[in-house]
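In the UniProt record's numbering, the protein residues as written are 1 to 802.
So this is what it looks like as structure tokens:
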């Protein structure tokens with residue numbers, strides 16, 4: 001207790017002494033505070049002192065770090081406080097115009113901000129436009145595939161009224177081909193045909209090749225189809241407009257085909273019934289018709305006018321001779337008939353002597369008048385009616401069902417009545433033109449009338465024999481088992497100039513010209529939809545079909561053969577097999593496109609362009625190299641390497657590195673047409689890739705030695721200015737990764753600096769410190785804005801080496 005009293009006494013004495021000192025030396029007013037007030041003031045002073053102490057410590061550290069490089073921290077702090085934290089660009093507030101300096105500075109800053117803002121808007125708008133262009137292009141491509149798969153005409157794309165049977169084609173599992181045996185046989189003939197076309201000279205008859213193929217395949221329907229196509233290919237070719245010469249020639253060929261077919265049918269019947277036919281005498285059409293009537297005497301013949309020749313009704317004999325196309329035999333029957341039909345003999349002789357096997361206008365009018373006087377369709381003998389209607393081309397509304405018992409008979413009879421010349425005025429009711437007959441068969445009767453679903457070849461024949469090639473091909477292509485026939489008929493007709501493609505490849509399979517011209521067949525759509533089935537397994541065969549499209553143009557005016565080859569290569573990725581490959585010795589190994597002796601480099605360049613548009617940059621590099629565009633290949637490869645060099649090793653880097661090494665070695669050994677700047681940048685990027693690899697593997701000494709040899713950055717203060725001046729001469733790809741290079745080198749120097757300990761290595765540590773200072777000085781001198789916090793990290797590591 002005494003000790004506590006002594007202690008307080010001493011404190012009181014010291015306090016009084018302090019009070020006396022204050023009162024004696026100053027005239028300051030006295031402030032009376034109690035203990036509570038003193039406690040509160042002390043706590044406030046302590047808290048304020050603690051905060052200031054932490055902040056002062058941070059400021060001191062920052063001053064040490066930045067002051068070593070000549071930065072004035074108070075001034076920097078004021079500048080930072082003056083910066084606006086607004087994220088969007090806003091105009092700076094205008095100031096009074098009398099302050100000229102501030103006004104000009106403000107205007108300059110406003111101009112810069114407006115330019116930056118406008119550039120930002122433009123960039124965003126261009127990026128948005130490019131995005132939608134890509135989306136639109138992808139959609140157009142996908143839409144084209146969907147439309148091709150539907151295989152309908154432009155008017156009935158979604159017509160599913162015809163129930164199509166599902167057919168599974170046999171696939172050879174040894175070759176894993178998606179083609180049926182018939183398709184393989186067709187593809188073989190197409191290959192041989194293209195081979196002859198490429199060699200030049202006389203082209204082989206493609207239709208005859210397909211005809212032989214169909215007969216060898218024991219397919220009666222296909223054999224009859226190609227027999228008909230071959231028979232009609234002798235018709236005059238037509239241009240874009242359908243003219244009278246083509247119509248007349250084609251109708252004549254169609255009639256001859258039907259007449260020859262009927263003769264074959266009659267011979268088959270007679271030879272199958274020789275005893276009943278009682279065939280004998282002089283061979284010829286009249287003898288054949290007489291024998292045929294002995295076997296199959298028509299029931300309606302018994303109701304004829306009673307006159308006979310060779311034991312058969314006169315008008316039946318005359319009609320069947322006309323049906324066989326033998327006008328001379330028909331005239332002979334009329335002469336033998338005497339008064340009953342003798343007046344027709346000179347008319348038949350006139351018809352036989354004419355080029356188009358028709359009567360002249362005056363003779364035709366006589367026949368019409370005589371037919372009308374005899375009662376027309378009300379006359380008793382249907383064969384006589386048919387004969388007069390054929391010769392006079394009258395009463396076209398009659399079907400003559402008693403005589404024309406088959407579709408072929410119906411077609412022949414009406415083709416005989418067709419007028420190939422188009423009238424300038426309205427057509428008379430009793431005037432049958434080819435266009436009117438086509439409309440009756442295609443629109444009025446249609447598929448249901450001919451039971452097309454169960455008899456597709458028959459309906460195809462109806463359309464084909466009336467020159468409706470486009471509709472016939474479109475109909476047959478709807479049936480999967482028959483599509484191969486439709487495609488190859490289209491190829492034959494296209495090569496013969498009998499079908500015309502539309503102006504746009506995006507048109508329907510069959511389209512009509514706006515000016516009312518003949519229908520147009522979209523051969524490109526038909527071929528590409530056909531090859532899509534097997535192009536993945538048989539790309540070479542698909543290539544042969546695309547060769548037929550070499551004279552057509554795509555949507556943007558590009559060669560359609562080239563465009564289809566590009567699509568095929570990108571879908572199958574058979575670059576080497578289709579386009580060829582560049583060997584290490586600098587020689588190009590040919591691909592499948594080389595056999596067409598086309599401008600292969602142009603094709604490869606087009607595929608390379610499509611690869612680049614789709615982001616397949618590595619494929620684009622290889623293809624540009626393949627077509628001899630070395631400079632473009634190297635520049636694109638440099639851009640890819642510049643993105644991958646600083647990153648950790650991965651599959652992308654391994655592929656790019658392998659490709660770059662292959663090109664670099666070949667160009668160095670066998671020469672290149674690439675520019676010196678591009679090739680030097682390629683070599684430099686490869687060396688930088690080696691540097692980063694060594695750095696990641698912890699080989700600091702080896703990596704630093706590699707960087708010294710490259711002479712990209714200075715390792716001595718005396719080299720800083722020269723290195724800074726040389727930077728603009730470096731490629732853009734190198735400048736973009738300069739920050740990563742500087743950081744990597746500084747990290748290596750710092751790690752090496754920490755490894756060196758002990759007095760005997762002070763000189764080495766000083767040298768590393770000097771190199772770090774040179775790099776830091778170089779980073780501050782180059783006219784290039786470093787990304788992110790590069791400068792701060794460089795300064796931090798340089799300070800840590802102090």
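Glycine is no exception: its CB is placed at the ideal position from the N, C-alpha and C atoms.
Check: Extent of the continuous beta strand (DSSP E) to which residue 278 belongs; Outcome: Looking at the DSSP string, residue 278 is not in any beta strand (DSSP E), and its letter there is neither H nor E.
Check: Whole-angstrom distance between residue 191 and residue 595, CA atom to CA atom; Outcome: 11 Å
Check: Burial state of residue 503, where buried means 16 or more other Cβ atoms lie within 10 Å; Outcome: exposed
Check: Three-state secondary structure (DSSP) of residue 492; Outcome: helix
Check: Same chain, Cβ closer than 7 Å to residue 533, five either side skipped, listed in chain order; Outcome: 178
Check: C-beta contact flag for residue 319 and residue 397 at 8 Å; Outcome: no
Check: 8 Å Cβ cutoff met for residue 383 and residue 331; Outcome: no
Check: Cα-Cα separation between residue 311 and residue 323, rounded to whole angstroms; Outcome: 19 Å
Check: Collapsed DSSP secondary structure at residue 634 in the structure displayed; Outcome: helix
Check: Extent of the continuous beta strand (DSSP E) run through residue 512; Outcome: 510 to 512
Check: Segment contact, 8 Å Cβ cut-off, at least three pairs: the segment 619 to 636 with the segment 668 to 681; Outcome: yes
Check: Proximity below 8 Å, CB of residue 207 to CB of residue 492; Outcome: yes
Check: Same chain only: Cβ atoms within 7 Å of residue 468, ignoring 5 sequence neighbours per side; Outcome: 438, 442
Check: Where residue 153 falls: helix, strand or coil (DSSP); Outcome: The pLDDT assigned to residue 153 is 41, lower than 50, so where the model puts this residue is not dependable, and the model offers no usable value.
Check: Residue 535 and residue 568 closer than 8 Å at C-beta; Outcome: yes
Check: For residue 582, the three-state DSSP class (helix, strand or coil); Outcome: strand
Check: Alpha-carbon spacing of residue 400 relative to residue 407, whole angstroms; Outcome: 12 Å
Check: Nearest-angstrom beta carbon gap, residue 543 and residue 553 [assumed within contact, 8 Å]; Outcome: That belief does not hold up - the Cβ atoms of residue 553 and residue 543 are roughly 19 Å apart, past 8 Å.
Check: Beta-carbon gap between residue 557 and residue 576 smaller than 8 Å; Outcome: no
Check: Endpoints, beta strand (DSSP E) assigned at residue 520; Outcome: 519 to 521
Check: Option in 717, 726, 664, 696 with minimal Cα separation from residue 710; Outcome: 726
Check: Reduced DSSP secondary structure (H/G/I, E/B, other) of residue 806; Outcome: In this structure the chain extends from 1 to 802, so residue 806 is not present and cannot be described.
Check: Proximity below 8 Å, CB of residue 774 to CB of residue 717; Outcome: yes
Check: CA-to-CA distance, residue 496 to residue 246, given in whole angstroms; Outcome: 13 Å
Check: Residue interval of the alpha helix (DSSP H) (run including residue 431); Outcome: Where residue 431 is concerned, there is no enclosing alpha helix (DSSP H), given that its DSSP letter is neither H nor E.
Check: One or two residues paired with residue 313 in a DSSP bridge; Outcome: 308
Check: Per-residue burial, residue 132 [other beta carbons within 10 Å of its own, 16 or more giving buried]; Outcome: exposed
Check: Counterpart residues of residue 559 in DSSP-defined beta bridges; Outcome: 553
Check: Straight-line gap, residue 251 to residue 431 (C-alpha atoms, nearest Å); Outcome: 16 Å
Check: Beta carbon of residue 645 nearer than 8 Å to that of residue 685; Outcome: yes
Check: Close beta carbons around residue 765, own chain, < 7 Å, minus the five adjacent residues each side; Outcome: 753, 756
Check: Limits of the alpha helix (DSSP H) - the one that residue 458 falls within; Outcome: 456 to 465
Check: Opening and closing residue of the alpha helix (DSSP H) in which residue 211 lies; Outcome: 206 to 216
Check: Counterpart residues of residue 418 in DSSP-defined beta bridges; Outcome: 432
Check: 8 Å Cβ cutoff met for residue 486 and residue 499; Outcome: no
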